[in-house]
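Novice: Let me give you the structure first, and then I'll get to my questions.
Protein chains: 2
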Amino acid sequence: MAVSRSVSRSVKQQIADELREQVLNGTRAEGTKLPSEAELIEQYGVARNTVRDALALLVNEGLIEARRPHGYFVRDRRRMQYRPQSDLRARPTTAPHDTFLTEQEQAGRTPSQTIEVSIVDPPEPIKERLQLKADELAVVRRRLRYLDGELIYSNDSYYPLSIVQGTPIMSPHDLSPGANQTLADGGHVQVRAIDEIYVRMPTPDEAKRLDLTPGTPVAEHIITGYDQDDRPVRSVLNILPGNRHVIIYERDGLEPPDGESA
Amino acid sequence: MAVSRSVSRSVKQQIADELREQVLNGTRAEGTKLPSEAELIEQYGVARNTVRDALALLVNEGLIEARRPHGYFVRDRRRMQYRPQSDLRARPTTAPHDTFLTEQEQAGRTPSQTIEVSIVDPPEPIKERLQLKADELAVVRRRLRYLDGELIYSNDSYYPLSIVQGTPIMSPHDLSPGANQTLADGGHVQVRAIDEIYVRMPTPDEAKRLDLTPGTPVAEHIITGYDQDDRPVRSVLNILPGNRHVIIYERDGLEPPDGESA
DNA sequence: CAGTGGTCTAGACCACACC
DNA sequence: GTGTGGTCTAGACCACTGG
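Those protein sequence lines, which keep their order, are chains A and B. Last residue of the first sequence: 520 in the working numbering, with the numbers rising by one and none dropped. Last residue of the second sequence: 520 in the working numbering, with the numbers rising by one and none dropped.
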């Protein structure tokens, strides 16, 4: 119904507009099924590829996803809070070892993670950030993190091999005293960190590993920590699917953010 | 050439893989033109739609873009640094009024911006953050920011009308003492801020306004500032095209970031 | 005007999950 | 099996921009 030719807006756009509106205003709720391609073909009286083109627009906007062979569904837009700096805050000495696990449990969800430790020649961007020499190796602790059984993001922590050799960091278990404490025990107290956030579409590898549907961007969040001598001691690479997270920073004291200041 | 049928990987995937590899390893440099659809059709011996499907994959990965009627081109992957907290740092009393303008000039680029001020019934998310009553209005200063003549992001600052009524914030010019100083003059010193970063695909409106090509995600960066009485006094909505920015936070003192902590 | 990508049609065969 | 979306073909007409 109701597509008109010879209007400036193309047919696929008109179809996409109508469906988009319904998704955004809640007429079509999150998780509900859209009409099948066949039904849309009949409703609008157009060719299959035109319907598919219209649906592809919404898929790439992140609004809907195809679940073959069940149909197209409205995507879930709820997000979990991701607070990179949460452990900058004061913390009881009853040391919780892993902020991810403890925070999410407090939120009433069931967190879990897999850990895999290996010694690698790290990717170039990490090498730069850790200021490693060409042939210098690093230890990486790769984690995949789950909430209520569902994979939500990956977290890879790289350490220069030279400073973690023989420490508990090299064992593939949760670190009971925590990685920071372990680094501090080795004489490296982290006093400064730089966070970088890149927003982009995932590589095919990432899409596969994190099970991302088309139309899902990611945040690549890299944290590089420096010790009291301003040497980089850790670089963490997080890949966060955009549809599942809000990144939150809280800033106390002093002046404001971007915009007109002073 | 060299696509094989009856392999597990589809033809369009094989074509996309080959081109992607060339883009990523630099064989095809940023800004260079890809073969036209017609040429690819001949090279691979497939139908036009198959070639178009392959190219669409790369477009949606953000690697290439179509510039009609010139052809497909490898996208630029350089990014500018965006530092939300840059004016948290100590600043000389020789008050630079706008961090965007001053920082970018220092970086040897030519920044400019348009400013548009209006009184509006703000969108729901902003209303919540400013804790406005249902019928309460806000002043919005909408900026579009350019670098070397090219639009790079939008910055909309919302203020509760009640606290900025009659102040210089309501005039559509650069604020010489700065917005924060102006707020402080009115008795509202910002002492705390919350940053939220949402990563998503742009709405069609945003895509048009910021001239985004398909395959470009955005970061929606919302900063809400609170005064000494913990009242929200400003909420800033930035829309940053993912392909043009790195968001950077520097954190001094204390403990580390995400991951296993002490 | 020629060449580009954008839109649209009408068909075909396939893999997959569910009944 | 039946119905779903995924892939692929072979054609057509269009709008735009550059030479």
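All C-beta atoms, glycine included, are put in the ideal place defined by N, C-alpha and C. Fair warning: this is a prediction, and the values are worked out from it, not measured in the lab.
1) Residues of chain B with a CB under 7 Å from the CB of residue 477 (chain A): which are they?
2) Whole angstroms is fine: what's the gap from residue 417 (chain B)'s alpha carbon to residue 363 (chain B)'s?
3) Applying a beta-carbon distance threshold of less than 9 Å, which residues of chain B neighbour residue 452 (chain A)?
4) Find the nearest neighbour of residue 412 (chain A) within the set A:426, A:365, A:478 and A:474, judged by alpha-carbon distance.
5) My understanding is that residue 281 (chain B) touches residue 332 (chain B), with C-beta atoms under 8 Å, so please give their C-beta distance in whole angstroms.
6) Excluding the five sequence neighbours on either side, which residues of its own chain have a C-beta within less than 7 Å of the C-beta of residue 346 (chain A), listed in chain order?
7) Tell me the start and end of each unbroken beta strand (DSSP E) in the region 415-470 of chain A that is at least 3 residues and wholly inside, in chain order.
8) For residue 334 (chain B), which of helix, strand or coil comes out of DSSP?
9) So with CB distances below 7 Å, who are the chain B contacts of residue 500 (chain A)?
10) Check the C-beta distance from residue 480 (chain B) over to residue 451 (chain B) and give it rounded, since I have them as a contact under 8 Å.
11) Please classify residue 380 (chain A) as buried or exposed, where buried requires at least 16 other C-beta atoms within 10 Å of its C-beta.
12) Would you kindly work out how many angstroms separate the C-alpha atoms of residue 361 (chain B) and residue 490 (chain B), rounded to a whole number?
13) Along the chain, where does the alpha helix (DSSP H) that runs through residue 301 (chain A) open and close?
14) Just by C-beta distance, which residues in the region 304-332 of chain A are closer than 7 Å to chain B?
15) Using beta carbons (cut-off 8 Å, strictly below), is residue 249 (chain A) in contact with chain B?
16) I need the boundaries of the beta strand (DSSP E) containing residue 485 (chain B), first residue and last residue.
17) Am I right that residue 458 (chain A) and residue 320 (chain B) are in contact with their C-beta atoms under 8 Å? What's the rounded C-beta distance?
18) Can you determine whether any heavy atom of the ligand MG sits closer than 7 Å to the C-beta of residue 433 (chain A), and answer yes or no?
19) Just the chain B side, please: which residues come within less than 9 Å of residue 490 (chain A) by C-beta, in chain order?
20) So, is the C-beta of residue 383 (chain A) closer than 8 Å to a C-beta in chain B?
21) Looking at residue 504 (chain B) and residue 454 (chain A), is the spacing between their C-beta atoms short of 8 Å?
Specialist: So, from the data block:
1) Residues of chain B with a Cβ closer than 7 Å to the Cβ of residue 477 (chain A) are, in chain order, 457.
2) For residue 417 (chain B) and residue 363 (chain B), the distance between alpha carbons rounds to 27 Å.
3) Within 9 Å of the CB of residue 452 (chain A), the CB atoms of chain B belong to 506, 507, 508 and 509, in sequence order along the chain.
4) Measuring from the Cα of residue 412 (chain A), the nearest candidate turns out to be A:478.
5) Indeed they touch by this definition, with Cβ atoms about 5 Å apart.
6) Confidence at residue 346 (chain A) is low in this model, with a pLDDT of 42, below 50, so its placement is unreliable and the value that follows should be read with caution. Sequence-distant partners of residue 346 (chain A) (beyond 5 residues in either direction) whose C-beta falls short of 7 Å from its own C-beta are missing from its chain.
7) Listed in chain order, the beta strand (DSSP E) runs fully inside the region 415-470 of chain A are 448-458, counting runs of at least 3 residues.
8) Taken through DSSP and simplified to helix, strand or coil, residue 334 (chain B) comes out as coil.
9) Simply 457, 458 and 475.
10) About 10 Å separates the two Cβ atoms, so there is no contact after all.
11) Residue 380 (chain A) should be labelled buried.
12) Distance between the alpha carbons of residue 361 (chain B) and residue 490 (chain B): 27 Å.
13) 295-302 is the extent of the alpha helix (DSSP H) around residue 301 (chain A).
14) Flagged, chain order: 318, 319 and 320.
15) Summary: the structure shown does not reach residue 249 (chain A), with chain A confined to residues 259 through 520, and so no result is reported for it.
16) Counting along the chain, the unbroken beta strand (DSSP E) around residue 485 (chain B) starts and ends at 476-485.
17) Going by Cβ atoms, the distance from residue 458 (chain A) to residue 320 (chain B) rounds to 6 Å, so yes, they are a contact pair.
18) Inclusion of the ligand MG in the displayed structure is not the case, the ligand content being empty and no account of it being possible.
19) Ordered by position in chain B, no residue passes the 9 Å Cβ test against residue 490 (chain A), which lies about 12 Å from the chain.
20) Contacts with chain B at 8 Å (Cβ-Cβ) do not include residue 383 (chain A).
21) In contact: residue 454 (chain A) and residue 504 (chain B) (Cβ atoms closer than 8 Å).
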